[in-house]
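**Q** Could you have a look at this structure, given as structure tokens, before my questions?
Protein chains: 2
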Amino acid sequence: MLSENDYKKLTDPESVALVGVTSRSGKGSNNPLEVMLEWGYRGKIYPVNPKGGTILGHQAYTSLLDVPEIPDVAVICAPRDAVPELFDQCCTKKVKLVIIVAQGFFDGDERGKSMQKEILKAADKHGVRILGPNTLGVVNNFNRFCTSFMRFMNPTAATGILCQSGVSVVGAPQIFSGIGLLIDTGNTTDIEFSELLGHIVRDPRLKVINLHMESLRDGPQFMRAARDAVALKPVIVYKTGASPDGAITASSHTGALAGEDRVFDTAFKQCGLLRVEDVEEMIDLNKVFTTFNGIKGNRVGVVSISGGAAIIAVDACSRYGLEIAKMSGSTEDQLSELFPAWAHCNNPVDMWPAGMFHGYHNSYRRILEAFMEDPQMDAVICITGSFLDKEGDFLDTTELIREIAGKYPEKPVVAWTYGQRFQDYAREFEKENNVLYFYSIDRAARALSALYRYHHIIKKKDYRPVSTPLNPGQAQAGKILAGKSAGNLSQTDVFRLLESYGIPVARWGKAENIEEAVSLAEKVGYPVAMKVLSPDIIHKSDAGGVRLNIGNARQLEEAFTEMRREIENKQNGARLDGVIIQEHLDKGTELILGCKRDPQFGPVLAFGAGGVFTEVMDDISLRVPPLSEEELTEMIEETKISKILAGARGATAVNLDVLTGCLTKFAQLVLANPAISEMDINPLLAYADRVVALDARITLDR
Amino acid sequence: MLSENDYKKLTDPESVALVGVTSRSGKGSNNPLEVMLEWGYRGKIYPVNPKGGTILGHQAYTSLLDVPEIPDVAVICAPRDAVPELFDQCCTKKVKLVIIVAQGFFDGDERGKSMQKEILKAADKHGVRILGPNTLGVVNNFNRFCTSFMRFMNPTAATGILCQSGVSVVGAPQIFSGIGLLIDTGNTTDIEFSELLGHIVRDPRLKVINLHMESLRDGPQFMRAARDAVALKPVIVYKTGASPDGAITASSHTGALAGEDRVFDTAFKQCGLLRVEDVEEMIDLNKVFTTFNGIKGNRVGVVSISGGAAIIAVDACSRYGLEIAKMSGSTEDQLSELFPAWAHCNNPVDMWPAGMFHGYHNSYRRILEAFMEDPQMDAVICITGSFLDKEGDFLDTTELIREIAGKYPEKPVVAWTYGQRFQDYAREFEKENNVLYFYSIDRAARALSALYRYHHIIKKKDYRPVSTPLNPGQAQAGKILAGKSAGNLSQTDVFRLLESYGIPVARWGKAENIEEAVSLAEKVGYPVAMKVLSPDIIHKSDAGGVRLNIGNARQLEEAFTEMRREIENKQNGARLDGVIIQEHLDKGTELILGCKRDPQFGPVLAFGAGGVFTEVMDDISLRVPPLSEEELTEMIEETKISKILAGARGATAVNLDVLTGCLTKFAQLVLANPAISEMDINPLLAYADRVVALDARITLDR
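This is the structure in structure tokens:
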């Protein structure tokens, strides 16, 4: 982990060496020294350039080794091929923090990758930490420290930013409405989000933290850091690079359904991160979190110049989970006298009729003041027009709204204005930082909703991870798995493994031929089910390898013969090891419990509707374990099938404790046995007071 | 229907009377004469004001009757209470088209509603057509005819607009990037969208038509007009006022699932309308349709200054159904020499490494030109920076992009730029109307996708409605329904009705007591199902009124007694008319066929996953009949359960002709029998080559 001292050196260094900096300056030179001077960094700067001389008034050293002190940070700003040698100089000089700007390493060809590996090896040996490569580095707008070689503007805002791409650096003045402190980890070969997050979130100058994430090395480590962070401040995450093709080769239902982006999404939700879908949502959420300190609830008042726009506001609030406030009696009394007898005075208020009778400004003022005083309203959306140039517009209430909003700093006021001059009005609205303008009412509602979600749901929830005790059956399970080769575990071993963990399996036995099958069925008791045993068949029913509700020995014999024939047709050459004979069970609710091992997050659990509809209905919830009781319950309730489990449509309600108990054992099993790469129990049959696994499959890791 | 002549009078009148116009002018006077003069309308204007005199240099008549000719249009611009008398003057004067501006009629109190009814009665008698009330009227920017009393700007664009609220009128310069021709139908008590659409879509000056809809009187009439319109031009619809509470009181599954907004959504899709979700999507779609004449396909090239932004573009294209184009071999050859050996030259192109070696402008130009020449690319997204003021920015490629785009008018070029100065760059991009700037890459992709959808899917599809022949069973069905009172039709009548239309029902009979039940079961053949018959029980399984798989007479007797007891517990007092005994059927795929009668659209059909999961899974597709074969197939394929019907997961595939045949009969039944207000066949069991109704319910209208 990056120590606090190292973090401080990285973001607020007293001295910095620019190793390999160009001697050119001006347009197109991409000279980071020039940018640093323009920004006004006040620490010591040591340019290093083999030609020496003077660069922009600063003496240049021909080697880093000649620099008269050990700089806090070295920025290697030379092209790729010069990097290894310059990095060696950093190691020799005992610089502890090195920013590598160049592209072409892990993001380039084979040569770049091997250069990168050599550098990492040297870093490890000398205790050097690397930011990058392929990064613009650090931008700290509080001390004007900026390592970017690209010039851009530097408005200060209370936003912290961790990113992996230059678009979030030089685009920051737009995307985050400015920069407080930004760190670009580039290819992220060493220093990563997880270790930076705990530091940046504790910076008292920042009100909101942003993550623009392209990839992640260690999911669980990141989740720990994120859970810790959201207790302190809102953390917005923009994850790009969703790859819908990622899950195509999965061998299990869970593998097929739990695609890469869906797992990220689950992990983000589990940590209380606010995930945004695009750049504009990131812009809006940064505005709302840097402007407002909170919101008391989700009840919204709407003051509109237009009835049609008021309807849009109702739709928008409903879409984003806000309530249209019911105005209090005293507000209603105060306002009704403003309106003609035929007009309703409800929230949302179409204030036009009042304006016609009592003057537009006067009416707008009285309504908005009443709303701000009304304890039933937690925020107000103001809708106005921008039909004309401001000077000529007698309907311009921008200043009035700003003035009233300023008196109630605890109640967010947001605005939408429509008309050709909306951009001018937008600027006016935001002039004193107490009203926010949004480009649409939907975006205003979305931003208020995020404010509500953070302050009333996320910040109040306990996101601390729980620990999962070892299941007493692990010794037995370990024996079953010992020495097993990669690939599909045999059906008999799968059942034994479940049973070792206390997960009930429908009564079963193995038979290698017709005779054994008949004698086994007598013991199990008719009717029985028969399923083929084959290391080559994963989806048994697809291959014709399942027969249900077999009533007697004669039917069993026929079914045995016919099943062989069908499998030969459908999957010729599949090895057949016999059959499983299993008790027939009354129809319960078919569920799936699944697990896949994700490259970033490790085991990911799936729960949902099972049986033949599993993939078709895709009614699945995911979670990264370990999970608290509360999270297990949420996981179940997130699915549609949970309504059936709760007794909807005349179904028998299922005891949820039994189900969460089974989920817990399942989680224990996959956490304690990393060899399991994919696993489905499908169907798991749920009855009023028990659950039973009817079928299951397990794939072991290669 | 509004005749072409009347439409022309309404939108392009030679003379207009402003009846009840105020004599005040200037700020806050809301004088439509002032606005009309400001806009420069060149027809004859007759102000009418009881005080006479001169208004803004125009002689005012004390009564409309004194005006020296019959004006093409009269605009009544007096407050509500003065309207009836002024409307009488219009009738006496034989004005054929009257615009009523005032609020407070159907949108107001009881008095307003009855005034409105009187006016409509008089209009009917005198053959007068009314636009409004509660409207700003007509804005025609081609002849500068504008009846709005609110002042706003008037940039001209090739957009046609039909709306029901002032927000779309005075907001039009922003929302539609200007106005070509706009008609605000206000409360829409007479002239409505359906009759205006056919006229406005044929105006050669307009490239795109917008509907901002709050309500609709006659759904089928609107659908006919919309289907006709989309064959000519893209029609965008923004429907506001979705009421999620609308469906709560429904008595059937279909009623519960087919909420008001979902029915609108279905109808819009069936007509090929492009529905937008918010104001910003409307802004974007208007820009794209007024700027580009088409797009050849959905394969997109991306030229980006940033690798991170290129990743965002891939996500955005995937989200909106666009393909990232594979560049042709010759493009690859041309471009690879621009890049250093370690860099990949793929689409999307991160052009930065090329820029470092071959100059930024030169590289951007060569890449973009190659993409524009590449026949594998149908559109190009350009991503640039706006980090600095344009004058100081050596990375500014705005002009270069505009210049190249101008040479290839058939290939849309859209742009996103990020940085604090994005608005300045945006204006520059759009200066010559050949490049469009979007506020995010997602919005750029969404707009291109709409362009593709219209030109490649909607315009090429045959949306003409089909006719549905009468089912030969209608005579019999009519007899069954004759004289039936409102409420639930008895189970036996429901089954007979289905059978009369040729919809197969599982073999059944009615029994009034245990003895009859046993003797009936002998005839039907064990195992059988038993279902309670009661006019008071709608959801039989919820009430405990269903027993399945009864194997013999003893079980039947027990089940009969126990069922009575359970129903007494669950729904005490329900009248019991006996039971239905029905054949036991092997498990097929459970489907639902449903219908609800929508107040706007009439019968709406539902198809999807049936059984106990119907409402929980909500896997339903809706359609407004009549339907072509193609639409029936689409309706089935839209559901998830259709994958099971197609044979997924080892299921037996179902013959789709049999299913569409059954759907056709179902559609015939509800179309020919308007007394049916809600109906479910659930489950309809589907097998390889037949479908069978196992249960069904019908509610007749009150």
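Read top to bottom, the protein sequences are chains U and H. For the first sequence, the numbering used here begins at 1 and goes up steadily by one. For the second sequence, the numbering used here begins at 1001 and goes up steadily by one. Heads up, the beta-carbon is just placed ideally off N, CA and C, and yes, glycines get one too.
Tell me whether H:PRO1625 is buried or exposed, calling it buried when 16 or more other Cβ atoms sit within 10 Å of its Cβ.
**A** Buried, by the Cβ-count rule.
**Q** Could you tell me whether the Cβ of H:ILE1191 comes closer than 9 angstroms to any Cβ of chain U?
**A** no
**Q** Just to confirm before moving on: does the CB-CB distance between H:ILE1367 and H:MET1351 stay below 9 angstroms?
**A** yes
**Q** Within 10 Å of its beta-carbon, does H:ILE1209 have 16 or more other beta-carbons around it, so buried, or fewer, so exposed?
**A** Buried is the call here.
**Q** Going along chain U in order, which residues have a C-beta closer than 7 angstroms to the C-beta of H:ILE1311?
**A** GLU214, THR240 and GLY241
**Q** List, in order along the chain, the chain U residues whose C-beta lies closer than 8 angstroms to that of H:TYR1418?
**A** VAL167, VAL170, GLY171, GLN174, ILE175 and VAL279
**Q** Between U:TYR360 and chain H, is the shortest Cβ-Cβ distance under 9 angstroms, so that the two count as touching?
**A** yes
**Q** With a 10 Å radius around its C-beta and 16 neighbouring C-beta atoms as the bar for buried, classify H:THR1255 as buried or exposed.
**A** Before going on, a small fix: residue 1255 of chain H reads as Gly here, not Thr. Answer is buried; the Cβ neighbour count reaches 16.
**Q** If you draw a straight line from the C-alpha of H:ILE1183 to the C-alpha of U:TYR238, how long is it?
**A** Each residue's Cα considered, the two are about 42 angstroms apart.
**Q** Note down, in chain order, all residues in the segment 1081 to 1105 of chain H with a beta-carbon under 7 angstroms from any beta-carbon belonging to chain U.
**A** Result list: GLN1103 and GLY1104.
**Q** Considering only their Cβ atoms, is the gap separating H:TYR1463 from H:LEU1669 smaller than 9 angstroms?
**A** In this structure, H:LEU1669 lies away from H:TYR1463, with their beta-carbon atoms at least 9 angstroms apart.
**Q** From the beta carbon of H:PRO1353, is the nearest beta carbon of chain U less than 9 angstroms away?
**A** Taking Cβ atoms only, chain U reaches closer than 9 angstroms to H:PRO1353, which makes this a yes.
**Q** In chain U, what lies closer than 9 angstroms to H:ALA1651 by C-beta?
**A** SER541 and VAL612
**Q** Terminal residues of the continuous alpha helix (DSSP H) containing H:ASP1657?
**A** 1656 to 1672
**Q** Please check if any C-beta of chain U sits within less than 9 angstroms of the C-beta of H:GLN1423.
**A** yes
**Q** What did DSSP end up calling H:HIS1539 once you bin it into helix, strand or coil?
**A** coil
**Q** H:LYS1008 touches chain U at which residues, Cβ-Cβ below 9 angstroms?
**A** Residues of chain U passing the Cβ test: none, with the nearest at roughly 27 angstroms.
**Q** The segment 290 to 308 of chain U: which residues have C-beta closer than 7 angstroms to a C-beta of chain H, in chain order?
**A** For the segment 290 to 308 of chain U, the beta-carbon criterion of a distance under 7 angstroms to any beta-carbon of chain H is satisfied by SER306, GLY307 and GLY308.
**Q** Between H:TRP1342 and chain U, is there a C-beta pair that is closer than 9 angstroms?
**A** yes
**Q** Within 10 angstroms of the Cβ of H:ALA1646, are there 16 or more other Cβ atoms? Answer buried if so, exposed if not.
**A** exposed
**Q** Taking 9 angstroms as the CB-CB limit, is U:MET327 close to chain H?
**A** No - not a single Cβ of chain H is within 9 angstroms of the one on U:MET327.
**Q** Could you tell me which of H:SER1252, H:PRO1535, H:PHE1145 and H:ALA1060 sits nearest to H:GLU1014, measuring between CA atoms?
**A** Ranking H:SER1252, H:PRO1535, H:PHE1145 and H:ALA1060 by CA distance to the CA of H:GLU1014 puts H:PHE1145 first.
**Q** Near H:PRO1433, what residues of its chain come up, given a Cβ to Cβ distance below 8 angstroms and the 5 sequence neighbours on each side ignored?
**A** A small fix is needed here, since residue 1433 of chain H is Asn in this sequence, not Pro. Within the same chain, H:ASN1433 has close Cβ partners THR1291.
**Q** Quick one: what does DSSP say H:GLY1608 is sitting in, helix, strand or coil?
**A** strand
**Q** Would you identify the three-state DSSP class for H:LEU1622, choosing helix, strand or coil?
**A** strand
**Q** Please go through the same chain and pick out, in chain order, the residues whose beta-carbon is closer than 6 angstroms to the beta-carbon of U:VAL380, but skip the five residues on each side of it.
**A** GLY301, PHE371 and VAL413
**Q** Please compile the residues from chain U whose C-beta is within a distance smaller than 9 angstroms of the C-beta of H:LEU1388.
**A** Counting only Cβ-Cβ distances below 9 angstroms, H:LEU1388 has contacts in chain U at ARG151, PHE152 and MET153, in chain order.
**Q** On the three-pair Cβ rule with 8 angstroms, is the segment 1090 to 1101 of chain H touching the segment 1124 to 1144 of chain H?
**A** yes
**Q** Whole angstroms is fine: what's the gap from H:GLY1419's alpha carbon to U:ASN140's?
**A** C-alpha of H:GLY1419 to C-alpha of U:ASN140: approximately 17 angstroms in a straight line.
**Q** Mapping the DSSP letters down to three states, classify U:GLY602 as helix, strand or coil.
**A** strand
**Q** Quick check: U:PRO71 and U:GLN59, are their CB atoms within less than 9 angstroms of each other?
**A** no
**Q** Name the chain U residues that come within less than 9 angstroms of H:MET1617, Cβ to Cβ?
**A** ALA609, PHE613, MET617, ASP619, LYS640 and ILE641
**Q** Counting only the same chain and skipping the five closest in sequence on each side, list residues whose C-beta sits under 8 angstroms from that of U:VAL170.
**A** Hits under 8 angstroms: LEU136, SER148, MET150 and PHE152.
**Q** Tell me the DSSP secondary structure of U:THR639 in three-state form.
**A** coil
**Q** Applying the criterion that 16 or more other CB atoms from any shown protein chain within 10 Å of the CB defines a buried residue, is H:ILE1457 buried or exposed?
**A** exposed
**Q** Interface residues of chain H around U:GLY525 at Cβ under 7 angstroms?
**A** Those do not exist, as U:GLY525 stays about 17 angstroms from chain H at its closest Cβ, beyond 7 angstroms.
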